[in-house]
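Top line first, the protein sequences correspond to chains D and L.
Under my numbering, think of the first position of the first sequence as 251, with each following residue one higher.
Under my numbering, think of the first position of the second sequence as 8, with each following residue one higher.
Only one structure is covered here, and it is reproduced in the block below.
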Amino acid sequence: MNELETRLRTLGPDVDYPETPDLLAAVEDRLAVRPRRRRGLRLAVALAVLAASLGAVLAASPGARSAFLELFHLSGATIARVDALPRAEALPDWAPGIPMPLADAQRRVGFRIRLPHTTGDKQVRNVLLDEQGGGVVSVVWCCKPTLVLTQFAGAAVPYLQKLASPETAIQAVEVDGKPGYWIADGPHVVLFRAQDGSFHDYELRVAGNVLLWVDGDVTLRLEGQLTRDEAIELASAVR
Amino acid sequence: MASRPPTDFDLVERARHGEAEAFALLVRPHEDIAFRTAYLITRNAADAEDVAQDALVKAYRALGRFRRDAPFRPWLLAIVANEARNRRRAAGRREGLALRAAGDASSGDAAPSPEGAAVAAAERRQLLDAVERLPDDQRLAVACRYLLELSEQETAHVLGVPAGTVKSRLSRALDRLREDL
Chain D
251 MNELETRLRT
261 LGPDVDYPET
271 PDLLAAVEDR
281 LAVRPRRRRG
291 LRLAVALAVL
301 AASLGAVLAA
311 SPGARSAFLE
321 LFHLSGATIA
331 RVDALPRAEA
341 LPDWAPGIPM
351 PLADAQRRVG
361 FRIRLPHTTG
371 DKQVRNVLLD
381 EQGGGVVSVV
391 WCCKPTLVLT
401 QFAGAAVPYL
411 QKLASPETAI
421 QAVEVDGKPG
431 YWIADGPHVV
441 LFRAQDGSFH
451 DYELRVAGNV
461 LLWVDGDVTL
471 RLEGQLTRDE
481 AIELASAVR
Chain L
8 MASRPPTDFD
18 LVERARHGEA
28 EAFALLVRPH
38 EDIAFRTAYL
48 ITRNAADAED
58 VAQDALVKAY
68 RALGRFRRDA
78 PFRPWLLAIV
88 ANEARNRRRA
98 AGRREGLALR
108 AAGDASSGDA
118 APSPEGAAVA
128 AAERRQLLDA
138 VERLPDDQRL
148 AVACRYLLEL
158 SEQETAHVLG
168 VPAGTVKSRL
178 SRALDRLRED
188 L
């Protein structure tokens, strides 16, 4: 490096730049998880929404049986058993929403966030809020197996749509006297409703097991590599 | 057994899966240089702040396109510079670069005499003024390579030109500065 280059380089630290603002804090609200659009899922989404609207009538129709085998409703969630799942990536640690502290999420939703008394030695790794409707909160516990507890205030139209494969077991259960479903032993795809009311393909192929239940006006979903009894025990501790 | 520190790609993957802390760990070390890059191109503090914020959001949304073997800093700075160039085309007033007051200066090992300090400050001011008089493409190459101390490859990323072009711009800029001084 010649003398002029050395002089230029030593000039750098003395340039009087404006003070750097806290850029991350300023964009926190804009850093939402982006939905991925997938052509192959559109038909399944359209059919699922149609099935949710027409309910048992469509499920009972011989023409629809090739696509929809059974429908289950639970407050803000609908589970549709279909003969073939749409293609979706397995993203076991994924949950929708903007990351934020739990206290901030609590201030921004219209219901009390339920949490378990204990998750053993697991630590809360992330809290995500999707501010549609009354708000959808996902709490993620670290580490393997990761646990995700998603909750939202029940709505007249389902927020959460699940598509389950024929080999997936869907079993009605009770969680501390509250109604629920245990979904296990097969992959299923989760779709989340977007702000405009359409189902966004926030698709997620879930290999783990899922417990869905309702507590008052809130629908809860616990996902993780748990047995049915473990899930119900943990869910019973969610208050 | 000590675990290895996460690579940029590890953090990108964690951020893609919704882990806010991972994105903060990726970006926080580069906030200063991202803002200063934006400022050196736009020459306006408010524009630079808007540009740097927009660039962070774009980077977050583009994490899926980040290459496993690539370093994060030049990738982020290229997004910042692109945003800044777009903003600058529409921008009006440009602020000139200034040097910090002598008392704040970070360079200089021994305390110089008052006369010596005055001469050194005048020479530094003269050098910065000469940089400011360079044509835009040369001035930006000098700013990135020497004032921000980016590598030649990073400078090429930021300016969106091949490394050979950076070399030739720097060479012409240095010739011009020698003549000017």
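Note that beta-carbon positions come from the ideal geometry of N, C-alpha and C, so glycine has one too.
Quantities reported herein were computed from a predicted structural model and do not represent experimental measurements.
Could you pull out every residue in the same chain whose Cβ sits closer than 7 Å to the Cβ of D:W463, ignoring the five residues on either side in sequence? In the first sequence, counting from the first residue as 1, residue 463 of chain D sits at position 213. Excluding residues within five positions, the ones whose Cβ falls inside 7 Å are V425, K428, P429, G430, L470 and A485.
Taking Cβ positions only, does L:V39 come closer than 9 Å to chain D? As a position in the second sequence, residue 39 of chain L is number 32, starting the count at 1. According to the sequence as given, residue 39 of chain L is Asp; it is not Val. Interface residue, yes.
What does L:A52 reach in chain D if we use C-beta pairs closer than 8 Å? Residue mapping note: residue 52 of chain L aligns to position 45 of the second sequence, counting from 1. Correct list: P268.
Kindly say whether D:V390, judged by its beta-carbon, lies nearer than 9 Å to any beta-carbon of chain L. Reading the first sequence from its first residue, position 140 is the one you call residue 390 of chain D. It does; some Cβ of chain L falls within 9 Å.
Below 7 Å between beta carbons is the criterion; list the residues of the segment 61-79 of chain L that meet it against any residue of chain D, in chain order. L63, V64, Y67 and R68
Of all the CB atoms in chain D, is at least one closer than 9 Å to the CB of L:D116? The sequence position of residue 116 of chain L within the second sequence is 109, counting from 1. Bear in mind that a pLDDT of 45 at L:D116, under 50, signals an unreliable position, so the number given afterwards is only what the model happens to contain. Chain D, which has no Cβ nearer than 9 Å to the Cβ of L:D116, makes this no.
Rounded to whole angstroms, what is the Cα-Cα separation between L:D143 and D:Q356? Indexing the second sequence from 1 puts residue 143 of chain L at position 136. Indexing the first sequence from 1 puts residue 356 of chain D at position 106. The straight-line gap from Cα to Cα measures roughly 50 Å.
Under 9 Å between the Cβ atoms of D:P263 and L:F42? Translated into positions along the first sequence, residue 263 of chain D becomes position 13. Translated into positions along the second sequence, residue 42 of chain L becomes position 35. No, they are not a contact pair.
Could you give the first and the last residue of the continuous alpha helix (DSSP H) run that contains D:Y431? Position 181 of the first sequence holds residue 431 of chain D. Counting along the chain, D:Y431 falls outside any alpha helix (DSSP H), though it belongs to the beta strand (DSSP E) covering K428 to A434.
Inter-residue CB distance, L:A88 and L:G171 (contact presumed, cutoff 8 Å): Sequence index remark: in the second sequence, residue 88 of chain L carries index 81 (1-based). Sequence index remark: in the second sequence, residue 171 of chain L carries index 164 (1-based). Actually they are not in contact, since the Cβ atoms of L:A88 and L:G171 sit about 18 Å apart, beyond 8 Å.
Report the option in L:L184, L:Y46, L:E26 and L:R131 whose CA atom is closest to the CA atom of L:E90. As a first step, residue 90 of chain L is located in the second sequence; it is residue number 83 there, counting from the start. Selected option, being the one with the closest Cα: L:Y46.
Using a Cβ-Cβ cutoff of less than 6 Å, which residues in the same chain neighbour L:H164 once the five nearest sequence positions on both sides are dropped? Translated into positions along the second sequence, residue 164 of chain L becomes position 157. P81 and A85.
Suppose the cutoff is 8 Å on Cβ atoms and the five residues either side in sequence are ignored; what does the same chain contact list for L:P78 look like? For the purposes of this step, residue 78 of chain L is identified with residue 71 of the second sequence, where counting begins at 1. Cβ within range, chain order: D15.
Assign D:G474 to one of three DSSP states: helix, strand, or coil. Numbered from its first residue, the first sequence carries residue 474 of chain D at position 224. Strand.
Compute the Euclidean distance between the alpha carbons of D:Q421 and D:L461, then round it to the nearest angstrom. Indexing the first sequence from 1 puts residue 421 of chain D at position 171. Indexing the first sequence from 1 puts residue 461 of chain D at position 211. Answer to the nearest angstrom: the Cα atoms are 10 Å apart.
Looking only at its own chain, which residues have a Cβ that is under 7 Å from the Cβ of L:L18, when we skip the five neighbours before and after it? Numbered from its first residue, the second sequence carries residue 18 of chain L at position 11. Within the same chain, L:L18 has close Cβ partners A29, L32 and L33.
Could you have a look at D:L399 and say whether DSSP puts it in helix, strand or coil? For the purposes of this step, residue 399 of chain D is taken as the residue at position 149 of the first sequence. In this structure, D:L399 counts as strand in the three-state DSSP scheme.
L:L184 CB to nearest chain D CB: under 9 Å? Residue numbering aside, residue 184 of chain L sits at position 177 when the second sequence is read from its first letter. Chain D, which has a Cβ nearer than 9 Å to the Cβ of L:L184, makes this yes.
CB of D:L352 within 9 Å of CB of D:V386, strictly: The residue given as residue 352 of chain D occupies position 102 in the first sequence. The residue given as residue 386 of chain D occupies position 136 in the first sequence. It is not a contact, given that the beta carbons lie outside the stated cut-off.
Run of the beta strand (DSSP E) containing D:L379, from where it starts to where it stops: Taking the first sequence and counting its residues from 1, the one referred to as residue 379 of chain D is at position 129. Taken as a continuous stretch (DSSP letters only), the beta strand (DSSP E) holding D:L379 covers Q373 to D380.
Identify every residue that forms a DSSP beta bridge with D:T256. Numbered from 1 along the first sequence, position 6 holds the residue referred to as residue 256 of chain D. Answer by DSSP bridge pairing: none, since D:T256 is not bridged.
Quick check on L:L155: does DSSP put it in helix, strand or coil? Your numbering for residue 155 of chain L matches position 148 in the second sequence. Of the three classes helix, strand and coil, the one that applies to L:L155 here is coil, per DSSP.
For D:L273, list the residues DSSP reports as bridge partners. Stepping through the first sequence from its first residue, residue 273 of chain D is reached at position 23. DSSP, once it has assigned bridges, lists no residue as partnering D:L273.
Where D:I363 falls: helix, strand or coil (DSSP): Your numbering for residue 363 of chain D matches position 113 in the first sequence. Three-state result, D:I363: coil.
Within-9 Å CB hit, L:A129 to chain D: Locating residue 129 of chain L in the second sequence gives position 122, counting from the first residue. So, not an interface residue.
Within chain D, the residues that L:R43 reaches when beta carbons sit closer than 7 Å: As a first step, residue 43 of chain L is located in the second sequence; it is residue number 36 there, counting from the start. Simply Y267.
Spatial distance of D:A481 from D:L397 (CA atoms): One-based indexing of the first sequence puts residue 481 of chain D at position 231. One-based indexing of the first sequence puts residue 397 of chain D at position 147. Those two C-alpha atoms are separated by around 10 Å.
Integer Cβ distance of D:R364 from D:R478, believed to fall under 8 Å: Within the first sequence, numbered from 1, the residue matching residue 364 of chain D stands at position 114. Within the first sequence, numbered from 1, the residue matching residue 478 of chain D stands at position 228. Actually they are not in contact, since the Cβ atoms of D:R364 and D:R478 sit about 20 Å apart, beyond 8 Å.
Proximal residues to L:S50 (C-beta, below 7 Å), its chain only, five neighbours per side dropped: Translated into positions along the second sequence, residue 50 of chain L becomes position 43. The residue you asked about is not Ser; residue 50 of chain L is Arg in the sequence shown. Hits under 7 Å: R101 and E102.
Give me, in chain order, the residues of the same chain whose beta-carbon lies closer than 7 Å to that of L:P12; leave out the 5 immediate sequence neighbours on both sides. Sequence index remark: in the second sequence, residue 12 of chain L carries index 5 (1-based). So the list is empty, once near-sequence residues are dropped.
Residues near L:L141 in its chain [Cβ-Cβ closer than 8 Å; skip 5 each side]: Here residue 141 of chain L corresponds to residue number 134 of the second sequence, with the count starting at 1. Counting only Cβ-Cβ distances below 8 Å, and skipping sequence neighbours, we find V149, A180, R183 and L184.
With burial defined as no fewer than 16 other Cβ atoms inside 10 Å of the residue's Cβ, what is the status of L:Q145: buried or exposed? Within the second sequence, the letter at position 138 stands for residue 145 of chain L. L:Q145 should be labelled buried.
Going along chain D in order, which residues have a C-beta closer than 7 Å to the C-beta of L:E90? Locating residue 90 of chain L in the second sequence gives position 83, counting from the first residue. Chain D residues near L:E90: none, gap ~12 Å exceeds 7 Å.
Quick check on D:I482 - is its C-beta less than 9 Å from some C-beta in chain L? The residue you call residue 482 of chain D lines up with position 232 of the first sequence. It does not: the Cβ of D:I482 has no partner Cβ on chain L nearer than 9 Å.
By the criterion of Cβ-Cβ separation under 7 Å, what are the contact partners of D:R257 in chain L? Walking along the first sequence from the start, residue 257 of chain D turns up at place 7. Going along chain L in sequence order, the residues near D:R257 (Cβ under 7 Å) are L134.
Cβ-based neighbour list, L:L63, same chain, cut-off 7 Å, excluding 5 preceding and 5 following: For the purposes of this step, residue 63 of chain L is taken as the residue at position 56 of the second sequence. Cβ within range, chain order: V34.
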